[in-house]
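S.K.: Those protein sequences? They're chains C and U, same order as listed.
The opening position of the first sequence corresponds to residue 19 in the numbering used here, with each subsequent residue numbered one higher.
The opening position of the second sequence corresponds to residue 156 in the numbering used here, with each subsequent residue numbered one higher.
Structure in structure tokens, see below.
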Amino acid sequence: DAGVTQSPTHLIKTRGQQVTLRCSPKSGHDTVSWYQQALGQGPQFIFQYYEEEERQRGNFPDRFSGHQFPNYSSELNVNALLLGDSALYLCASSFMTGHEKLFFGSGTQLSVL
Amino acid sequence: AQRVTQPEKLLSVFKGAPVELKCNYSYSGSPELFWYVQYSRQRLQLLLRHISRESIKGFTADLNKGETSFHLKKPFAQEEDSAMYYCALSPIKAAGNKLTFGGGTRVLVKP
């Protein structure tokens, strides 16, 4: 089991562009959460997907959207990129029931120029 | 709203010395508290959770609801404990895992 995999590992975009990040959860997990980690800060919750629906959302604008596919993989989309969107984006998978621990991916480093 | 504060950005100790990482939280309901760790060039991973009341790699953490704290302790630090540590909170009634993280504490264990 490769665990949680994210692609790409690094990405460079310019302001105003759109970006899509991808995540495959750990085998057997049905829930995917996305976090943004700015330099020198802790991860910040963006949203969570379960059964192909957004179940919980953090304090992020509508420019941030996502999708979950029937195979539980997920995408994070960010439109109209701002310089402040530069960060490490982490995907984490788990089971929805209870408070099972999160398994994190290695992240996608997004740089907005 | 919930908030997690880790007041120390960097903690430097000598091998064999005790180490304590502070974590304070604010949340009006019943929280579940976690410590996550990230070793160099590795992924963020769960170290321990208060509900399990277990000791992992010699680390323990006690939830003090009166002081709203969840400090992480180890009596004798080892060089392999050098890492980034994050305290995190999840509302206990919420299904799934929506975690609020603190800003993190970097621990450096010197030989």
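Ideal Cβ positions, reconstructed from N, Cα and C, are used throughout, including at glycine.
Do we get a CB-CB distance below 7 Å when we pair C/P79 with the residues of chain U?
M.R.: Chain U, which has no Cβ nearer than 7 Å to the Cβ of C/P79, makes this no.
S.K.: Give the residues of chain C in contact with U/F256, contact being defined as C-beta atoms less than 9 Å apart.
M.R.: Ordered by position in chain C, the residues that pass the 9 Å Cβ test against U/F256 are Y53, Q55, Q59, G60, P61, Q62 and F63.
S.K.: For U/V168 and C/G125, what's the separation of their Cα atoms in angstroms?
M.R.: Approximately 29 Å between the Cα atoms of the pair.
S.K.: Report the residue from C/G60, C/V22 and C/T49 whose alpha carbon sits nearest the alpha carbon of U/V159.
M.R.: Checking every option, the nearest Cα to that of U/V159 belongs to C/G60.
S.K.: Against U/R198, what residues of chain C qualify as contacts under a CB-to-CB distance less than 9 Å, listed in chain order?
M.R.: Residues of chain C passing the Cβ test: G21, V22, L108, F121, F122, G123, S124 and G125.
S.K.: Could you compute how far the alpha carbon of C/L39 sits from the alpha carbon of C/S25?
M.R.: Their Cα atoms are separated by approximately 6 Å.
S.K.: Could you tell me if U/R196 is buried or exposed, where buried requires 16 or more neighbouring beta carbons within 10 angstroms of its beta carbon?
M.R.: Result: exposed.
S.K.: Quick one: which unbroken beta strand (DSSP E) runs of 3-plus residues sit fully inside the stretch 156-240 of chain U? Chain order, please.
M.R.: Correct list: 158-160, 165-169, 174-176, 179-181, 186-193, 200-204, 215-219 and 224-229.
S.K.: Looking at chain C, which residues of the stretch 231-242 of chain U have a Cβ within less than 7 Å of any of its Cβ atoms?
M.R.: Going along the stretch 231-242 of chain U in chain order, one finds Y241 with a Cβ nearer than 7 Å to chain C.
S.K.: Can you grab the Cα-Cα spacing for the pair C/L131 / C/I30, in whole Å?
M.R.: Rounded to whole angstroms, C/L131 to C/I30 spans 7 Å at the Cα level.
S.K.: Specify, as a first and last residue, the run of the beta strand (DSSP E) that C/H85 falls within.
M.R.: Note, C/H85: beta strand (DSSP E), F82 to Q86.
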